[in-house]
Amino acid sequence: MTSSSFFDISAGAYIAAVVMYVIFLVTRNRTVGIVATAVICFGFVSQSIALIIRWVNSYYFWMEAHTSSGVVEGILRGAPLRNLYESLIFFVWCTILIHLIIEFKYKNRSLGAFVTPIAALALLFIDVSGVSKEIEPLIPALQSNWLLFHVFLSFIGYAAFAVSFGAATAYLVVVTESRTEKPYIFWSIISGVFLIVLLGMGIDFISLTALERGEIIRNHFLKSTLRSSSSAVVLVSWIASLAIIFSIWYLGLGLKKVFSSLNLTANMLDDIAYKSIAIGFPLFTIGGLIMGAIWANSAWGKYWTWDPKETWSLITWFVYALYLHARFVGGWRGKRVAILSVVGFVAVIFTYLGVNLVLSGLHAYGSG
Amino acid sequence: MEEKEKIDIFESAWRFLASVKLAIFTFIIIALSSIVGTIVEQGAEPAKNIALLAKFFGDNAAPTVYNIFAAMGFMDMYGSWWFTMFLVIFSINLIVCSIDRFPKTWRSIKKPQRPLPENSIKSMPIRKELKAKTTLNVAKDEFMNVLKSSRYNVSEASEDNSVQLYTQKNKYARLTVYVVHLSIILIFIGAVIGARYGFKGYVNIIEGRTTNVAYLSPSESYPLGFTVKCNWYETQYYGDSSTPMEFMSELVVLENGREVMKKVIEVNNPLKYKGITFFQSSYGVLNGVMDDFVIEDTESKRQTTLQPKLTKFPNQIGSFVIKLLPLNGQENTIALRRGDSFDIPGTDIKGTIVGFSPTLDRDRMTGALGTSEYYRDQMLNPAVAIEVEAPGRKPFVGWYLKGDPTWIMPEGGHELEFIDFRGVEYTGLQVARDPGVWIIYIACILMGVSLYLCFFISNKKIWINIAHEAPGKKGPVKITVGGRTNRNKLNFEKEIEKLLSHASDAIEGRSKK
Ligand code: HEM
Numbered sequence: 181m182t183s184s185s186f187f188d189i190s191a192g193a194y195i196a197a198v199v200m201y202v203i204f205l206v207t208r209n210r211t212v213g214i215v216a217t218a219v220i221c222f223g224f225v226s227q228s229i230a231l232i233i234r235w236v237n238s239y240y241f242w243m244e245a246h247t248s249s250g251v252v253e254g255i256l257r258g259a260p261l262r263n264l265y266e267s268l269i270f271f272v273w274c275t276i277l278i279h280l281i282i283e284f285k286y287k288n289r290s291l292g293a294f295v296t297p298i299a300a301l302a303l304l305f306i307d308v309s310g311v312s313k314e315i316e317p318l319i320p321a322l323q324s325n326w327l328l329f330h331v332f333l334s335f336i337g338y339a340a341f342a343v344s345f346g347a348a349t350a351y352l353v354v355v356t357e358s359r360t361e362k363p364y365i366f367w368s369i370i371s372g373v374f375l376i377v378l379l380g381m382g383i384d385f386i387s388l389t390a391l392e393r394g395e396i397i398r399n400h401f402l403k404s405t406l407r408s409s410s411s412a413v414v415l416v417s418w419i420a421s422l423a424i425i426f427s428i429w430y431l432g433l434g435l436k437k438v439f440s441s442l443n444l445t446a447n448m449l450d451d452i453a454y455k456s457i458a459i460g461f462p463l464f465t466i467g468g469l470i471m472g473a474i475w476a477n478s479a480w481g482k483y484w485t486w487d488p489k490e491t492w493s494l495i496t497w498f499v500y501a502l503y504l505h506a507r508f509v510g511g512w513r514g515k516r517v518a519i520l521s522v523v524g525f526v527a528v529i530f531t532y533l534g535v536n537l538v539l540s541g542l543h544a545y546g547s548g
Numbered sequence: 004m005e006e007k008e009k010i011d012i013f014e015s016a017w018r019f020l021a022s023v024k025l026a027i028f029t030f031i032i033i034a035l036s037s038i039v040g041t042i043v044e045q046g047a048e049p050a051k052n053i054a055l056l057a058k059f060f061g062d063n064a065a066p067t068v069y070n071i072f073a074a075m076g077f078m079d080m081y082g083s084w085w086f087t088m089f090l091v092i093f094s095i096n097l098i099v100c101s102i103d104r105f106p107k108t109w110r111s112i113k114k115p116q117r118p119l120p121e122n123s124i125k126s127m128p129i130r131k132e133l134k135a136k137t138t139l140n141v142a143k144d145e146f147m148n149v150l151k152s153s154r155y156n157v158s159e160a161s162e163d164n165s166v167q168l169y170t171q172k173n174k175y176a177r178l179t180v181y182v183v184h185l186s187i188i189l190i191f192i193g194a195v196i197g198a199r200y201g202f203k204g205y206v207n208i209i210e211g212r213t214t215n216v217a218y219l220s221p222s223e224s225y226p227l228g229f230t231v232k233c234n235w236y237e238t239q240y241y242g243d244s245s246t247p248m249e250f251m252s253e254l255v256v257l258e259n260g261r262e263v264m265k266k267v268i269e270v271n272n273p274l275k276y277k278g279i280t281f282f283q284s285s286y287g288v289l290n291g292v293m294d295d296f297v298i299e300d301t302e303s304k305r306q307t308t309l310q311p312k313l314t315k316f317p318n319q320i321g322s323f324v325i326k327l328l329p330l331n332g333q334e335n336t337i338a339l340r341r342g343d344s345f346d347i348p349g350t351d352i353k354g355t356i357v358g359f360s361p362t363l364d365r366d367r368m369t370g371a372l373g374t375s376e377y378y379r380d381q382m383l384n385p386a387v388a389i390e391v392e393a394p395g396r397k398p399f400v401g402w403y404l405k406g407d408p409t410w411i412m413p414e415g416g417h418e419l420e421f422i423d424f425r426g427v428e429y430t431g432l433q434v435a436r437d438p439g440v441w442i443i444y445i446a447c448i449l450m451g452v453s454l455y456l457c458f459f460i461s462n463k464k465i466w467i468n469i470a471h472e473a474p475g476k477k478g479p480v481k482i483t484v485g486g487r488t489n490r491n492k493l494n495f496e497k498e499i500e501k502l503l504s505h506a507s508d509a510i511e512g513r514s515k516k
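Heads up: the sequence lines are chains X and S, in that order.
Heads up, the first sequence is in this note's numbering, so the first residue is 181 and it goes up one at a time.
Heads up, the second sequence is in this note's numbering, so the first residue is 4 and it goes up one at a time.
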């Protein structure tokens, strides 16, 4: 079997796991929970196999073009962190790994309902945005060990931030009491937006498969709904989106009851949200900012140029620094810091995808 | 009175500059204004940003909004006075805050830990109580053992009816945040030194030529103090694709005409000499005036203007390598300069090199020639224009593409192959000297290490009070445990629970014997 069929299996497993975790949340049936965990483990194993196969293939791909290259160099240059597609896959892998560790450590699988959708979102995004899945030759600027460590560490950091985001959102669900509370409105809108994007990409995916014409896939992100060329479709999508946010807002209090019966305590969620940042922040500082700067310096002689990608990493870094200071020195507690953790992850998403897709810059090497 | 007022003003300014509120405020300001800086393209031509602003504010308002933004420095924001000011406020805040807090932290580290009354242990963030049927001494010994095996250095204080064990670990962990902050200040210092005493420039060197300056801007040169020569420049591609595999140039450093250093540089592998580093950053073909060419289409006899951009270059550099394969003659490879002519041996056919394009492609369907504007300066598929004169025919110009090599000349089936174009590429180098970069690197290492320590090593303090429940040194003992930490309270709580269960297991074990 090829690497991509293993990837497809894992993608299917993760998406199935999202559904099962949600069913588990609603029914609280232990068997469903165990099956959900099993499915996700299966997906994880198959994704790991896919990564290894891809690594081996990229190794030979590199060695073929660089006949004088050493084995270690070939292994480093072949590491599957070479473009947007591979980094998204690696991000999903890390997120699932951290999720499994938490599930095992805290012996509580309800958080899965919040973390697996992030992984599913990333996987769907790959298909609808048309990012290239080919093993591509490395252009000269990307042939750097610093770049490799930079991408590797940043994405573990991003995955930790994703988990913190999931925990912080769940925390907000647990601690808010009424529909008129601002943090309640905040979490219902944020999770509504995530759900809308997830659904929108799901629809993109289905319509893409339905219309498969063998043409080169371009960026189809939300093209079947919110960004459709037909204004009627756009209008309906907006109405549907508002309806989704409204229903989450309206039904959210029910979710809170489900949570409290699942032993998802506010303290535990707050602890996971903080710990993930405690892991993510140093990794992101060292990998994202420092190694990125060293790479830039070794390639261009400038460690900092304020290009959009760098600036957005700095903004992200500031949001998490704000989180730490607000929490430990400013005396902020509970809801306010949870909101900061959510905002931090929104900044991460923008740094990671928004800059490549929306803004352009020095680093935008993965645009579809 | 006046004196006192002055002190008050100083005092409140200091409080303000040391406050974490100010830090939170500057964090937010810097982050928000940076967002604007990533949307508005920095240092771009006005038209670009006006077009961008029109999307947000409409066509009519855009120029006005642009002018307001430009006046506020948003078009070159990261160098603007107010952005610099916020960075300065940020660093002053950080320095003042550290100076303000450090002595207190230092004193609290140096202050020896003291035994505490039972009541204050009971009100600590982490507190546990248990009772055991045993003697004071047994309980004390067992707790001592358990603590020691977890590498705590235990002190003890005894009173009549009670004994207290107290201990702490990693007291210097409290200093790591200061190192984190110091490293941020060091980064600022390094950046300022780099900007003040270093330079960032660029230079293009034609193959075979030398330079002893770099350029800070098109009109401002910077003397290097030595000479750099580019022997050659080369782009390597992956197979037959147009994806570059490596950009490389051979550079030679000359001092007083003597070669002192030679290196083939690549992207990510620069040359460094006397503190100045040369980075491979671009390349190109020497570019001159463009001219259009008129050729005659041999079939339709229609005069058409050939649009591919032609590049004029000085005659003295660059040569075209051409292989001639006359029908019944000897294969012959010749090198020619622009304007040079050649004969097909044994015939009256004469060719003259009249033009050149670094990149020319023939459309597979229509056969039309064209050049993508984007690749205009890159030597992707060089082509040469040759004017052919044969007796009894009107002279005409034909294009010979390197990527499409063998062409049969219309006159009598002689073949001509354009092998290569040599010698007028230039290498584009970034040139930089940054004496601050070492400070930045040291700061980065400090920051990495101290951040890690800051999050994963905490200062842990434990007090264990063991007392007889009833006075008179008899009966069961009551054990009160309290703990404090500066980080990861939940983990520490688990650790204390473990210590307790180990100790109480051991105590029970002894009382059974
Ligand atoms: C982006 C820049 C900054 C970074 C990365 C940073 C990093 C940190 C970190 C990691 C901590 C430890 C937090 C914790 O307990 O988990 C900390 C604590 C602290 N920071 Fe910053 N900091 C920055 C800027 C500032 C600024 C501008 C101030 C100015 C007031 C400041 C004041 C403090 C204070 C007072 C503490 C608490 C120290 C203590 O526990 O004794 N920081 N900082």
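For every residue, glycine included, the Cβ atom is placed at its ideal position computed from N, Cα and C.
All values reported here derive from a predicted model rather than from experimental measurement.
In chain order, what residues of the same chain have a beta carbon less than 7 angstroms from the beta carbon of residue i, not counting five sequence neighbours either side?
i, result
"Ala142/S", "Ala135, Ile469, Val480, Ile482 and Ile510"
"Trp512/X", "Ala506"
"Gln319/S", "In this prediction, Gln319/S has a pLDDT of 44, which is less than 50 and means its spatial position is unreliable; what the coordinates show is noted afterwards. Cβ within range, chain order: n/a, list empty."
"Ile95/S", "Leu20"
"Arg177/S", "Thr108, Ile112, Asn462 and Asn489"
Spatial neighbours of residue i within its chain, please: C-beta separation below 6 angstroms, excluding the five flanking residues on both sides.
i, result
"Pro118/S", "Ala160, Gln167 and Tyr169"
"Met80/S", "Gly40 and Phe86"
"Asp450/X", "Tyr351"
"Pro442/X", "According to the sequence displayed, residue 442/X carries Leu and not Pro. The residues are Ser290."
"Ser158/S", "Tyr169"
"Thr280/S", "Pro273 and Ala435"
"Asn335/S", "Leu327"
May I ask you to report which of helix, strand or coil DSSP gives residue i?
i, result
"Thr483/S", "strand"
"Glu334/S", "coil"
"Tyr241/S", "coil"
"Leu363/S", "coil"
"Asn288/X", "coil"
"Asn272/S", "strand"
"Arg520/S", "Outside the modelled stretch of chain S, which goes from 4 to 516, sits residue 520/S, for which no answer is possible."
"His505/X", "helix"
"Arg130/S", "strand"
"Met423/S", "According to the sequence displayed, residue 423/S carries Asp and not Met. Asp423/S: strand per DSSP, three-state reduction."
"Met248/S", "strand"
"Tyr201/X", "helix"
"Asp346/S", "strand"
"Lys136/S", "coil"
"Ile298/X", "helix"
"His184/S", "helix"
"His279/X", "helix"
Once you ignore the five residues that flank residue i on each side, which residues in its own chain have a CB closer than 8 angstroms to its CB?
i, result
"Lys482/X", "Ala476"
"Ala2/S", "There is no way to answer for residue 2/S, as the model of chain S reaches only from 4 to 516."
(message) Extract the residue ranges of the alpha helix (DSSP H) inside the stretch 458-493 of chain X, only unbroken runs of 4 or more that lie entirely within it.
(response) Listed in chain order, the alpha helix (DSSP H) elements of length 4 or more contained wholly in the stretch 458-493 of chain X are 472-480.
(message) So if I threshold CB-CB distances at 7 angstroms, which residues from the stretch 243-259 of chain X count as touching chain S?
(response) So the list reads Ala245, given in the order they occur along the chain.
(message) Closer than 8 angstroms between beta carbons: that is the criterion. Which residues of the stretch 488-507 of chain X meet it against chain S?
(response) Answer in chain order: Pro488, Thr491, Trp492, Leu494, Ile495, Phe498, Val499, Ala501, Leu502, His505 and Ala506.
(request) Return the residues of the stretch 27-55 of chain S that lie within a Cβ-Cβ distance of less than 8 angstroms from chain X, sorted by chain order. (result) When C-beta distances to chain X are compared with 8 angstroms, the residues of the stretch 27-55 of chain S below that value are Ile27, Phe30, Ile31, Ile33, Ala34, Ser37, Ile38, Gly40, Thr41, Ile42 and Gln45, in chain order.
(message) If the cut-off is 9 angstroms on Cβ atoms, which residues from the stretch 202-229 of chain S count as contacting chain X, listed in chain order?
(response) Residues passing the 9 angstroms Cβ filter: Lys203.
(message) Ignoring anything shorter than 3 residues, give me the beta strand (DSSP E) runs that lie fully in the stretch 327-371 of chain X, in order along the chain.
(response) Correct list: empty.
(message) What are the residues in the stretch 401-430 of chain X lying within 8 angstroms of chain S by C-beta distance?
(response) The stretch 401-430 of chain X vs chain S, Cβ under 8 angstroms: nothing.
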